[in-house]
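Novice: Quick one: the structure is below, questions incoming.
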Amino acid sequence: MKKITLSTLKRELLRNKKTREAYEANRLEHDVICAIIRKRIEKKLTQAQVATRANMKQSAVARFETGNESPTLETTSRILAAVGAKVRIS
């Protein structure tokens, strides 16, 4: 069996237009979530503290951070405010 690296597999998969479009669509969501997590860590906040500030459960913050579910704009806004982050569109 031939071994294949992750980067080679990714490159092969992204040759398909539909796969590439889906990847790019999810990349933005992933980047936003990662930026929010970095901000939370930078401010030394726990998920529980963010949850309290956002008036939600810690488990909801954890689900948001895993990225397994597409968060609503409302949830994202509440968590952004809780960590003291702002979105800038350029």
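Its first residue numbered 1, the sequence shown is counted upward by one per residue in the numbering used here.
Where a beta carbon is used, it is the ideal one built from N, C-alpha and C, also for glycine.
With 16 other CB atoms within 10 Å as the buried threshold, where does residue 81 fall?
Specialist: exposed
Novice: Helix, strand or coil: which one does DSSP assign to residue 7?
Specialist: helix
Novice: Could you tell me if residue 4 is buried or exposed, where buried requires 16 or more neighbouring beta carbons within 10 angstroms of its beta carbon?
Specialist: exposed
Novice: So, do the region 5 to 21 and the region 33 to 45 have three or more beta carbon pairs nearer to each other than 8 Å?
Specialist: Three or more beta-carbon pairs separated by less than 8 Å are not found between the region 5 to 21 and the region 33 to 45, which leaves the two stretches without contact.
Novice: For residue 83 versus residue 39, is the C-beta distance shorter than 8 Å?
Specialist: yes
Novice: State the Cα-Cα distance for the pair residue 88 and residue 12, rounded to the nearest angstrom.
Specialist: In a straight line, the C-alpha of residue 88 is about 33 Å away from that of residue 12.
Novice: Taking C-alpha atoms, which residue in 79, 2, 41, 9 lies nearest to residue 51?
Specialist: Comparing Cα positions, the closest option is 79.
Novice: What does the Cβ neighbour count give for residue 48, buried or exposed, with the cut at 16 atoms within 10 Å?
Specialist: exposed
Novice: Quick one: Cα of residue 68 to Cα of residue 61, how far?
Specialist: Each residue's Cα considered, the two are about 12 Å apart.
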